[in-house]
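Per the working numbering, residue 193 is the first one in the sequence shown, and the count goes up by one each step.
Backbone N, C-alpha and C define an ideal beta-carbon position, used for all residues, glycine too.
Since the structure is predicted, the reported quantities are computational estimates derived from the model, not experimental observations.
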Amino acid sequence: MSKIFPPPAPPVPPPHPPPMGLIAELTHRCPLQCPYCSNPLALDPVASELPSEVWLRVIDEAAAMGVLQIHFTGGEPLARRDLAGLVYRAAKGGIYTNIITSGVTLDDRAMAALKDAGIDHIQLSFQDIDPTENDRIGGYKGAFAKKRAAADRIRGAGLPLTLNFVIQRHNAGRVAEMLAFAELLQAERVEIAHVQYYGWGLKNRAALLPTRAQLEDSTNVVEAARERLRGKMVIDYVVPDYHAARPKSCMGGWAQRFINISPAGKALPCHAAESLPGFDFPNVRDVSLAQVWESEAFRRYRGTGWMPEPCRSCDRRELDWGGCRCQAFAILGDAGLTDPACELSPQHYLMAEAAAESAAPAPAFVYRRLGVLVS
Ligand code: SF4
Ligand code: SF4
């Protein structure tokens, strides 16, 4: 009698290479109220924030997985009293540590504590180069002066300095002054980053979106400065998708390189993914970082297998990974479609319609506040 063998089991896909970076959103608290903040409209309340011991465990797990860099962000990460302790743990685990801060609370004491903890890098954000406008956009009087002092402290501590300017229709004409300021401070790097329209940015899109002419002018200024400052200062430039022909490679592809953890512990492929319905995102209170990385939510749009046409047969599919899932959902109501920022998307006309808003007078800002929507 011949033996009956069961059919061979389907091959188990090999585990995905470990994440390169961990984005630790420690809190949604922030002394500023920028109307383009990428935090979700429903901000995590203080009481829901992860306690230090969970963050420390997550940092140890990241080190064990081979994560190379950790970005402490928020909200304002300096609002967490345990920040220096978390930096220390990450540095001890051999992870490159970066803090993304508004700088308004980076006083001498905070700077010394971070330096002692082994911080590698601090990225300081500005709302504008014009002090009055800077303070108006952030909703915080005196913010510019505090940021300027924070830049000196970072320099004084011997750390590399990266400045970040967020560009929108009210300050797009001042990019040259921003670059001159970064040069004056001898920053190693400056980011000229147009607003990305998620979270509060999407809510305030009509008040923020620059015209195509403004975008082209800022691009010309950046290109000329790159030529002039080659070898002296790196200039990163991020454009808004609304005037683009192809989408950006959001986060280097869904769950390809980063894990983002919200203040309440939700593990996300990017900070905006919390807006997507139909997901059961794992929480690091319940599971390890390695389990997060192989979870169904992280695998759903990883790679190219999920792609519809026109992405499926496009030669850019492993360059931009079909664009941004959150933008596809925000504009089209379906995260599984081609990002409408792409000219090849049948719904690309919706982006052009939205871009037309930029020619109309700007409405008032809706400022970001914890718990309430305030105009
Ligand atoms: S964008 Fe503005 S409000 Fe949002 S976290 Fe950064 S500094 Fe705070
Ligand atoms: S069709 Fe898809 S893969 Fe091709 S460029 Fe557009 S978004 Fe990218």
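- Closer than 7 Å to some heavy atom of ligand 1: that describes the Cβ of C226.
- Going down the chain, each residue whose beta-carbon is closer than 6 Å to a heavy atom of ligand 2 shows up: R438, P439, P502, C503, C506, R508, R509, D512, G514, G515, T530, D531, C534, L536.
- For I359 and I427, the gap between their C-alpha atoms comes out near 14 Å.
- If you check the C-beta of R328 against ligand 1, you find no heavy atom less than 7 Å away.
- In this structure, S317 has its CB closer than 7 Å to one or more heavy atoms of ligand 1.
- DSSP places R328 in the helix class (H, G or I) of the three-state scheme.
- The Cβ neighbour count for V238, taken over all protein chains shown within 10 Å, is under 16; the residue is labelled exposed.
- In this structure, V250 sits near I453, with a CB-CB distance shorter than 8 Å.
- In the three-state DSSP reduction, R340 falls in the helix class (H, G or I).
- A552 and A364 have their C-alpha atoms some 16 Å from each other.
- R494 carries a coil assignment under DSSP once its states are collapsed to helix, strand and coil.
- Nearest in C-alpha terms to A405, of all of G423, E325, A547, is A547.
- Note that the region 221–237 does not touch the region 492–512; fewer than 3 beta-carbon pairs, one per stretch, sit closer than 8 Å.
- Relative to the non-hydrogen atoms of ligand 1, the Cβ of E217 never comes closer than 7 Å to any of them.
- The straight-line gap separating the alpha-carbon atoms of N396 and V558 is approximately 6 Å.
- According to DSSP, residue pairing for V358 in a beta bridge involves A385.
- When rounded, the separation of the alpha-carbon atoms in H435 and G515 is 14 Å.
- Secondary structure in the region 383–458: the alpha helix (DSSP H) runs of 4 residues or longer, each lying completely within the stretch, are 391–395, 397–400, 404–420 in chain order.
- Classified as exposed, K424 has fewer than 16 neighbouring CB atoms from the shown chains inside 10 Å of its CB.
- A residue is called buried once 16 or more other Cβ atoms fall within 10 Å of its Cβ, and K284, having fewer, is exposed.
- DSSP places G277 in the uninterrupted alpha helix (DSSP H) bounded by 275–284.
- Residues of the same chain with a CB within less than 7 Å of the CB of T496, apart from the 5 flanking positions on each side, are R509, E510 in chain order.
- When the beta-carbon positions are compared, Q448 and R494 come within less than 8 Å of each other.
- Per DSSP, F373 is not a residue of any beta strand (DSSP E); the alpha helix (DSSP H) it occupies stretches across 367–376.
- Classified as buried, Q319 has 16 or more neighbouring CB atoms from the shown chains inside 10 Å of its CB.
- For A216, the enclosing beta strand (DSSP E) stretches over residues 213–217.
- For the pair P439 and C534, the CB atoms are nearer than the 8 Å cut-off.
- Closest option to D512, judged by alpha-carbon separation, among W498, W485, M443, F471: M443.
- Considering only L218, R381, V431, the residue with the shortest C-alpha distance to P402 is V431.
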